[in-house]
Amino acid sequence: MTSAAAPLLAAVFDMDGTLVDNMDFHNRAWVSLARKLGLEGLTAERFQNEFAGKKNEEILPQLLGRNLSVAELDALADEKESHYRAIYRPYLALHRGAEGFLHRLRDARLPLAVATAAPQGNRELVLDGLSLRPLFTSIVGAEQVTRGKPAPDIFLAAAKALNVPPESCLAFEDAINGVLSARAAGMVTVGITTTTTAEALKKAGAHYTAPDFDTLPPELLARLFSSRA
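The opening residue of the sequence shown carries number 2 in our numbering; numbering runs sequentially from there.
See below:
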């Protein structure tokens, strides 16, 4: 299925749960907010499986079962994201192998992008806090697209920003919605198993899976680097 695919000319990375193993902190912040709002039955597992990759303006009305004013939505989103940043900041670190892999891609002259539903404050925490921004040609955020994942919008926008056809992009994702999004965009997709099992990611359409960037499949690395040796 993948051996005859187009050459891989660029890489697009989800941020949360992929470049950084932080989704437990997001899910804890969502559960905390849900309980404050009287939604006691919601679990971290449900947030991860149903909402990871969606935009806050998609998540909150679905959670509450009603439309929200812009002011209420912004206030609730800010509360959740501020809580997340406060509890995650002391643990900020790249996922295993990510730093070396990103530099290897740059050394091979592959353009790189981030495609994330994370709001600006969260992107700044990770990308600037870990000095990653210079490695990426483009950062595509939720505000630049109409629909969050699993719609393909954000990955298509990343490919357009890189000026590379989507089918020549390699996407890295940790969530089911993210894999569905990247596949709908036509990208070769790698599922990183920080939050979701390899089986579930493959069922969603991931071509490859790995627990981290130190253990990517040899056949994938050969596709990326053999012609650039």
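From the three backbone atoms N, C-alpha and C, an ideal C-beta is built for every residue, glycine too.
Classify Arg124: buried if its beta carbon has 16 or more other beta carbons within 10 angstroms, exposed otherwise. Here residue 124 refers to the residue found at position 123 of the sequence shown. Answer is buried; the Cβ neighbour count reaches 16.
Exposed unless 16 or more other CB atoms sit within 10 angstroms - verdict on Lys37: As a position in the sequence shown, residue 37 is number 36, starting the count at 1. Exposed: under 16 other Cβ atoms inside 10 Å.
What are the boundary residues of the beta strand (DSSP E) that includes Ala116? Translated into the one-based positions of the sequence shown, residue 116 becomes position 115. That run of the beta strand (DSSP E) goes 113-116.
Roughly how many whole angstroms lie between the Cα atoms of Gln63 and Glu200? Residue mapping note: residue 63 aligns to position 62 of the sequence shown, counting from 1. Residue mapping note: residue 200 aligns to position 199 of the sequence shown, counting from 1. Answer to the nearest angstrom: the Cα atoms are 27 Å apart.
Can you tell me whether Val13 is helix, strand or coil according to DSSP? By one-based count along the sequence shown, residue 13 stands at place 12. It is a strand residue.
If you measure from the CB of Asp15, is any heavy atom of the ligand MG nearer than 7 Å? No copy of the ligand MG appears in this structure; indeed no ligand is present at all.
Tell me the DSSP bridge mates of Val21? One-based indexing of the sequence shown puts residue 21 at position 20. DSSP lists Asp17 as partners of Val21.
Just checking my contact of Ala11 with Val146 at CB under 8 Å: how many whole Å lie between their CB atoms? By 1-based counting over the sequence shown, the position of residue 11 is 10. By 1-based counting over the sequence shown, the position of residue 146 is 145. 18 Å between Cβ atoms; not a contact.
Where does Tyr85 land, buried or exposed, given buried means 16+ other C-beta within 10 angstroms? The residue given as residue 85 occupies position 84 in the sequence shown. Around the Cβ of Tyr85, a 10 Å sphere holds 16 or more other Cβ atoms; the residue is buried.
On a Cα-Cα basis, can you pick out the residue from Arg148, Val13, Ala94, Asn23 that is closest to Lys56? Start at 1 with the first residue of the sequence shown, and residue 56 comes out as number 55. Checking every option, the nearest Cα to that of Lys56 belongs to Arg148.
Relative to the C-alpha of Met188, which residue among Ala172, Thr194, Pro135 is closest? In the sequence shown, counting from the first residue as 1, residue 188 sits at position 187. Selection Ala172, Thr194, Pro135 evaluated against Met188 yields Ala172 as nearest (Cα-Cα).
Compute the beta-carbon to beta-carbon distance between Leu163 and Ala109, rounded to the nearest angstrom, for a pair I have assumed lies under 8 Å. Within the sequence shown, residue 163 is the residue found at index 162, counting from 1. Within the sequence shown, residue 109 is the residue found at index 108, counting from 1. About 14 Å; that fails the 8 Å criterion.
Would His116 pass as a contact of Val13 if the rule is Cβ separation under 8 Å? Numbered from 1 along the sequence shown, position 115 holds the residue referred to as residue 116. Numbered from 1 along the sequence shown, position 12 holds the residue referred to as residue 13. Looking at the sequence provided, one finds Ala at residue 116 rather than His. Here Ala116 is near Val13, since their CB atoms are less than 8 Å apart.
By the 10 Å Cβ neighbour count, where 16 or more other Cβ atoms means buried, how is Phe214 classified, buried or exposed? Here residue 214 refers to the residue found at position 213 of the sequence shown. By the beta-carbon neighbour count (other beta carbons within 10 angstroms, threshold 16), Phe214 is buried.
Kindly indicate which residue of Asp15, Phe26, Thr138 has the alpha-carbon position closest to the one of Lys161. Stepping through the sequence shown from its first residue, residue 161 is reached at position 160. Of the candidates Asp15, Phe26, Thr138, the one whose C-alpha sits nearest the C-alpha of Lys161 is Thr138.
Beta-bridge pairing of Leu171 - partner residues as DSSP gives them: In the sequence shown, counting from the first residue as 1, residue 171 sits at position 170. Per DSSP, Ala12, Val189.
Near Arg224, what residues of its chain come up, given a Cβ to Cβ distance below 6 Å and the 5 sequence neighbours on each side ignored? What you label residue 224 is simply residue 223 of the sequence shown in a count that begins at 1. Counting only Cβ-Cβ distances below 6 Å, and skipping sequence neighbours, we find Leu9.
Contiguous alpha helix (DSSP H) assignments of at least 4 residues, all confined to the segment 130-178: 154-163
C-alpha distance - Leu69 paired with Asp75, whole-angstrom precision: In the sequence shown, counting from the first residue as 1, residue 69 sits at position 68. In the sequence shown, counting from the first residue as 1, residue 75 sits at position 74. Distance between the alpha carbons of Leu69 and Asp75: 9 Å.
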